[in-house]
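A.B. asks: Each residue of the sequence shown is one higher than the one before, starting from 131 at the first, in our numbering. Every residue, glycine too, gets a C-beta built ideally from N, C-alpha and C. Here the structure is a predicted model, which is why all the values come from computation and not from measurement.
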Amino acid sequence: MTASVFFGCTFIAFGPAIALFLFTIARDPLRVIFLIAGKANEGLLVLSQEETMPISIRQLAYVSGLGFGFMSGAFSVVNILADSVGPGTVGIHGDSQHYFISSAFMTLAMILLHTFWGVVFFEACEKERWGSLAAVVLSHLLVSCLTFANPHYEGSLIPTYIILSLMATWAFFCAGGSLRNLKLCLTCKDKDFLLANHRPR
131 MTASVFFGCT
141 FIAFGPAIAL
151 FLFTIARDPL
161 RVIFLIAGKA
171 NEGLLVLSQE
181 ETMPISIRQL
191 AYVSGLGFGF
201 MSGAFSVVNI
211 LADSVGPGTV
221 GIHGDSQHYF
231 ISSAFMTLAM
241 ILLHTFWGVV
251 FFEACEKERW
261 GSLAAVVLSH
271 LLVSCLTFAN
281 PHYEGSLIPT
291 YIILSLMATW
301 AFFCAGGSLR
311 NLKLCLTCKD
321 KDFLLANHRP
331 R
């Protein structure tokens, strides 16, 4: 039972983020470099034959946000996953039986939120939209404070996922998305919709 809880919670927490990494970042080694070494911009510009940056600001925001999300998720859930392997003591004193699954879903939300916050934050800095910048910081603070309600998991997970959907929508439009593009993607008529197929501008 402990192995199934461990692997189940690990795949819930990191599965979507690993899929995003594999389908959008791993195919381009330059993006992996940006994910690992965020300060590589100047060095890559020196090595590049082109005068433009080899990766667009939107891609850099996405890769950086996902990288921060991975780090945040790893630090927040590693001890919980270690506890899930055993010995089984969670819930013995009347605590919630949903501790592990709730922690996995909260970690998933935090990873995705960091990705979306990165996209919105970069766009706000680039266009000097200080209200958007403040909204990112305040929503980060709000989600962090929601974890104080963790013994009552519905009190933290439901508002966190509402904020996640709002930030996902906002990041989609910040990244240049539109309802027309979304419709083309969902009807499989636009092959260049994925971030992996975009060329830097």
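Find the nearest neighbour of M297 within the set Q227, I241, L314, judged by alpha-carbon distance.
C.D. replies: Nearest of Q227, I241, L314 to M297, Cα basis: I241.
A.B. asks: How about R304 and E258: do their beta carbons lie closer than 7 Å?
C.D. replies: Looking at the sequence itself, residue 304 is Cys, so the reference to Arg does not match. Not a contact, by the Cβ cut-off of 7 Å.
A.B. asks: Which runs of the alpha helix (DSSP H), 4 residues or longer, sit entirely within the stretch 261 to 318?
C.D. replies: List check, alpha helix (DSSP H) in window: 283 to 304, 309 to 316.
A.B. asks: Would you kindly work out how many angstroms separate the C-alpha atoms of F144 and F153, rounded to a whole number?
C.D. replies: 14 Å
A.B. asks: For A147, which three-state DSSP category applies?
C.D. replies: helix
A.B. asks: Run through DSSP, which three-state label would S226 get?
C.D. replies: Looking at S226 - three-state DSSP - the assignment turns out to be coil, as it is neither helix nor strand.
A.B. asks: Please check the pair A147 and G203, which I expect to be a contact at CB under 8 Å, by giving their CB distance rounded to whole angstroms.
C.D. replies: About 7 Å separates the two Cβ atoms, so the contact holds.
A.B. asks: So, with DSSP's three-state summary, where would you put V215?
C.D. replies: The three-state reading of DSSP puts V215 in coil, since its state is none of H, G, I, E or B.
A.B. asks: If the criterion is Cβ atoms closer than 7 Å, does the pair V135 and G195 meet it?
C.D. replies: no
A.B. asks: Return yes when the Cβ of A234 is within less than 7 Å of the Cβ of L294, no when it is not.
C.D. replies: Between L294 and A234, the gap from beta carbon to beta carbon reaches 7 Å or more.
A.B. asks: Do you know offhand how far T277's Cα is from A301's?
C.D. replies: 23 Å
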